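Worksheet for the structure shown next.
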Amino acid sequence: MTLTVTPVLLCGGVGSRLWPMSREGRPKQFLPLGGDGSMLQQTCQRLDAVSATDPLIVCNDEHRFLVAEQLREINAEAAAIILEPVGRNTAPAIALAALHAIKENPEALLLVLPADHFIADVDAFAAAVTKAAVVAAEGALVTFGVVPDRPETGYGYIRSGELLADDIYAVDQFVEKPTAEIAEQYLAAGIYRWNSGMFLFRADGFLRALSQSAPEIESACEAAMNRAAIDLDFIRPDKAIFEACPSDSIDYAVMEHTGSGAVVSLDCGWSDIGAWDALWAIGHADDDGNVLSGDVLLDDVRGSYVRSDSRLVAATGVDNLVIVETADAVMVAHRDHAQGVKRLVSRLKSDARPEASVHQRVYRPWGSYESLIVADRFQVKRIVVNPGGKLSLQKHYHRAEHWVVVHGTAEVTRGDEVIMLHEDESTYLPMGMKHRLVNPGRIPLELIEVQSGSYLGEDDIVRYDDIYGR
């Protein structure tokens with residue numbers, strides 16, 4: 001009999017080593033980095049290969065509408081979307097999901113998956129899940145250990161112990177990231193696996209183990225969920241209680257202490273897409289070993305990853321580089337130093353540079369906007385409103401706005417009147433006028449917005465009504 005699992009998708013990572021594509025406002029799990037769709041969408045679609053319920057998704061509050069919109073794009077449903085008030089690492093995040101799951105099903109089997117992993121062989125992944133579910137249902141806390149194909153120093157390892165079932169072993173030891181010499185020894189020994197960060201266990205078994213090894217985490221999460229609020233389609237654990245919860249990973253809080261740990265081998269072309277060199281490794285290389293994305297022109301270039309997001313990128317006479325271009329930043333690194341991008345992001349943050357956290361295109365629950373020109377006392381934006389999207393009823397004290405529809409139909413509230421605008425039609429919104437923009441059509445609405453005034457910051461806004469609860 002095939003056991004049904006409840007997927008728990010962890011969407012809380014930042015992915016700073018994949019800057020400038022991945023940023024706090026839209027981290028790597030929401031980006032199309034390898035294959036069709038975003039990493040989150042690929043993770044959801046991968047669940048079709050296993051016997052699974054609709055997933056529980058744990059993400060931070062800022063990304064709640066990104067999650068909902070990306071699920072809508074692939075016609076996927078979530079059993080619940082749980083919003084972490086603050087990041088507290090994987091053990092508390094999984095605890096929130098487990099506490100919710102056991103209310104729906106006291107015997108729930110949780111398949112815990114980071115939403116930003118790449119898996120090439122979905123059938124092999126599904127076979128490993130089916131195998132692991134049997135021992136998990138009997139009480140084992142199962143982790144998926146990736147069969148190493150190289151002496152990798154960027155991953156932690158798991159040493160296998162006693163054989164429990166077909167290719168499932170007791171966990172003998174979790175090992176930190178090794179040196180190159182020790183990684184060679186691990187590869188030769190054949191009993192070490194990469195720690196994938198994916199797990200399968202009963203919800204009640206995990207919570208019981210957590211209460212034994214990290215009781216302050218379990219009690220804080222239980223109290224936060226007992227006082228959780230329901231907001232639209234989201235579950236909000238109590239903020240004050242959860243902020244006081246210790247921050248710890250599932251490995252440190254549970255797996256290194258339990259006597260019920262097991263590891264199942266996973267050989268499926270897995271990558272955690274931890275840095276740009278990983279995307280080079282999983283990409284389709286040309287005859288010169290280059291992996292390309294976007295508008296790229298190369299001459300005498302080998303072994304490089306080159307990605308263009310908004311304009312032509314040209315390179316000549318270089319080898320083993322990572323070159324990534326976005327609308328507001330260009331990053332160049334040697335492929336062997338791709339992990340160092342994280343230090344660049346730290347520098348950007350310390351200098352209070354907006355490029356560290358936000359893209360030029362900013363996503364909102366109703367769609368997106370993109371700054372095209374920013375100058376003294378005026379700026380020009382491209383605004384896209386999804387079908388059915390509705391901006392808040394609002395006004396601005398310090399700026400006026402001129403809207404020109406270039407695609408679709410706009411329903412515009414201007415003070416006490418409501419007008420319809422079609423392509424090539426426009427309207428003017430003076431300072432202080434209440435206004436609202438709605439897309440009543442079935443195709444995206446695109447318009448150009450010209451702002452003019454003494455202050456153009458996003459905080460110059462008074463909201464009177466907002467269907468998204470902001």
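The opening position of the sequence shown corresponds to residue 1 in the UniProt record's numbering, with each subsequent residue numbered one higher. Cβ coordinates follow ideal geometry from the N, Cα and C atoms, glycine included. This structure is a prediction, so every number in the text was calculated from the model and none was measured.
- Put simply, of L3, Q29, P7 the residue whose alpha carbon is nearest the alpha carbon of G15 is Q29.
- C-alpha of S293 to C-alpha of G432: approximately 45 Å in a straight line.
- Excluding sequence positions up to five before and after H359, its CB lies within less than 8 Å of the CB of R23, G25, R26, T326, A327, D328, all in the same chain and listed in chain order.
- In this structure, V462 places its C-beta atom within 9 Å of the C-beta atom of K395.
- Contact between P151 and A180 holds, with the beta-carbon distance rounding to 6 Å and staying under 8 Å.
- In summary, S247 is exposed, with fewer than 16 beta-carbon neighbours lying within 10 Å of its beta-carbon over all protein chains present.
- By the neighbour-count criterion, in which 16 or more other beta carbons inside 10 Å mark a residue as buried, R364 falls on the buried side.
- Contact between I235 and H100 is confirmed by a C-beta separation of about 7 Å, below the 8 Å threshold.
- The DSSP-derived three-state label of E401 is strand.
- A distance below 6 Å between beta-carbons, with the five flanking residues on each side excluded, links T258 to the following residues of its chain, in chain order: L141, A209.
- Sequence-distant partners of V318 (beyond 5 residues in either direction) whose C-beta falls short of 6 Å from its own C-beta, in its chain, are V301.
- DSSP lists V412 as the beta-bridge partner residues of I419.
- With contacts defined by Cβ atoms closer than 9 Å, E104 and A93 do not form a contacting pair.
- DSSP places W276 in the uninterrupted alpha helix (DSSP H) bounded by 276–282.
- By the neighbour-count criterion, in which a residue is buried when 16 or more other Cβ atoms sit within 10 angstroms of its Cβ, K131 is buried.
- Excluding the 5 residues flanking it on each side, G139 has same chain C-beta neighbours closer than 8 Å at R202, G205, S260, in chain order.
- At the C-beta level, D116 and I273 come within 9 Å of one another.
- V345 is not a Cβ neighbour of S368, given a cutoff of 9 Å.
- Every unbroken stretch of the alpha helix (DSSP H) spanning 4 or more residues and falling wholly within the stretch 326–355 is given here in chain order: 341–350.
- Annotated three-state conformation of N290 is coil, per DSSP.
- Annotated three-state conformation of R46 is helix, per DSSP.
- Listed as beta-bridge partners of A262 by DSSP are V142, A170.
- Under the 8 Å Cβ criterion, the stretch 405–422 counts as touching the stretch 432–448, having at least three qualifying pairs.
- Looking at the backbone, the Cα of V112 and that of P430 are separated by about 51 Å.
- Judged by DSSP in its simplified three-state form, Q451 adopts strand.
- E162 sits in a strand when the DSSP states are folded into three classes.
- With a 10 Å radius around the Cβ and a threshold of 16 neighbouring Cβ atoms, K177 comes out exposed.
- Ranked by Cα distance from Q212, the first of V254, A400, L393 is V254.
- Scanning G269, E69, V332, G283 for the CA closest to the CA of G389 turns up E69.
- In the three-state reduction of the DSSP assignment, I74 falls in the coil class.
- Cβ-Cβ separation between A224 and D238: approximately 5 Å, consistent with a contact (criterion under 8 Å).
- For R436, the closest alpha carbon among the candidates I448, E423, D416 is that of D416.
- For A126, the closest of E77, D267, G13, A214 by C-alpha to C-alpha distance is D267.
- With fewer than 16 neighbouring CB atoms inside 10 Å of its own CB, M420 falls in the exposed class.
- For Y186, the enclosing alpha helix (DSSP H) has its first and last residue at 180–189.
- Boundaries of the beta strand (DSSP E) harbouring D299: 296–299, taken from the DSSP string.
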